[in-house]
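K.L.:
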Amino acid sequence: MTSDLATSVEKRNYEFKTADDIFKCIMCGECCNGFGGTYITDEDIHTIASFINCDPIRFTAEFCSRSGSRYVLSQSETGKCIFFDPKQQCTIHTVKPRMCRNWPFIPTILSNPENWNAMANSCPGMKKNIPYESLIRIISAEIGNQKS
Numbered sequence: 004m005t006s007d008l009a010t011s012v013e014k015r016n017y018e019f020k021t022a023d024d025i026f027k028c029i030m031c032g033e034c035c036n037g038f039g040g041t042y043i044t045d046e047d048i049h050t051i052a053s054f055i056n057c058d059p060i061r062f063t064a065e066f067c068s069r070s071g072s073r074y075v076l077s078q079s080e081t082g083k084c085i086f087f088d089p090k091q092q093c094t095i096h097t098v099k100p101r102m103c104r105n106w107p108f109i110p111t112i113l114s115n116p117e118n119w120n121a122m123a124n125s126c127p128g129m130k131k132n133i134p135y136e137s138l139i140r141i142i143s144a145e146i147g148n149q150k151s
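First residue of the sequence shown: 4, per the working numbering; consecutive thereafter.
1. Flag this pair as yes or no: are the beta carbons of cysteine 35 and cysteine 84 separated by less than 9 Å?
2. Going by DSSP, name the residue or residues bridged to serine 74.
3. Measure the C-alpha to C-alpha separation of tyrosine 135 and isoleucine 25 and round it to an integer number of angstroms.
4. Measuring only the C-alpha atoms, how far is tryptophan 119 from alanine 52?
5. Which same chain residues end up closer than 8 Å to aspartate 58 when comparing Cβ atoms and leaving out the 5 residues on each side of it in sequence?
6. Among Ala22, Glu18 and Met30, which one has its Cα closest to the Cα of histidine 96?
7. Is the Cβ-Cβ distance between phenylalanine 19 and leucine 138 less than 9 Å?
8. So, for proline 116: in the same chain, excluding its five sequence neighbours on each side, which residues have a beta-carbon less than 7 Å away from its beta-carbon?
9. With distances taken from CA atoms, which of Asn56, Phe54 and Arg73 is nearest isoleucine 43?
10. Opposite asparagine 36 in the DSSP bridges: which residues?
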């Protein structure tokens, strides 16, 4: 019986080799909900401001809020990102912030793998109950591949 369980666990770990095995974006826009805000870097600010033909200082005043010492993109009355449009979805998609580009492969999962299932509760593209070993291996590889 123990060997059957070990084989089952081994098979389950084998099922999850790549990012595509645990996440497929279905373009639902759920990740554009607030959930504490989308942190943006100085590079994000300059890139997005340039994209929308706005001065970076005016951009932060009009489109950002403070969260501690950092900026986050503001939210609309619906709770979605200020750059979310129900029909067009992300209106800054080609220059979206690093945090958005990397979703859901974020460093916090490495220190708190249980957060994966919590995030998956609001993201239908994320598979739940991935064995921690597989999750850590895949997310580590994805973070290593992310451009700064």
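Just so it is clear, CB atoms sit at the ideal spot from N, CA and C, and this is done for glycine as well.
P.N.:
Looking at the coordinates:
1. Against the sequence shown, residue 35 aligns to sequence position 32. Against the sequence shown, residue 84 aligns to sequence position 81. With respect to the 9 Å criterion, cysteine 35 and cysteine 84 are classified as neighbours on the basis of their beta carbons.
2. Locating residue 74 in the sequence shown gives position 71, where the first residue counts as 1. In the sequence under discussion, the amino acid at residue 74 is tyrosine, which differs from the serine named in the question. DSSP, once it has assigned bridges, lists Ile43 and Arg69 as partnering tyrosine 74.
3. Here the question's residue 135 lines up with position 132 in the sequence shown. Here the question's residue 25 lines up with position 22 in the sequence shown. Between the alpha carbons of tyrosine 135 and isoleucine 25 lies a distance of about 12 Å.
4. Within the sequence shown, numbered from 1, the residue matching residue 119 stands at position 116. Within the sequence shown, numbered from 1, the residue matching residue 52 stands at position 49. One Cα belongs to tryptophan 119, the other to alanine 52, and the distance between them is close to 32 Å.
5. Within the sequence shown, the letter at position 55 stands for residue 58. Result list for aspartate 58: Ala52, in chain order.
6. The sequence position of residue 96 within the sequence shown is 93, counting from 1. Residue Met30 is the option with its Cα nearest to histidine 96.
7. Position 16 of the sequence shown holds residue 19. Position 135 of the sequence shown holds residue 138. It is a contact, given that the beta carbons lie within the stated cut-off.
8. On the sequence shown, residue 116 is found 113 positions in, with the first residue counted as 1. Excluding residues within five positions, the ones whose Cβ falls inside 7 Å are Tyr135, Leu138 and Ile139.
9. Position 40 of the sequence shown, counting from 1, holds the residue named residue 43. Closest by alpha carbon: Arg73.
10. Counting from 1 along the sequence shown, the entry for residue 36 is found at position 33. According to DSSP, asparagine 36 bridges with Lys83.
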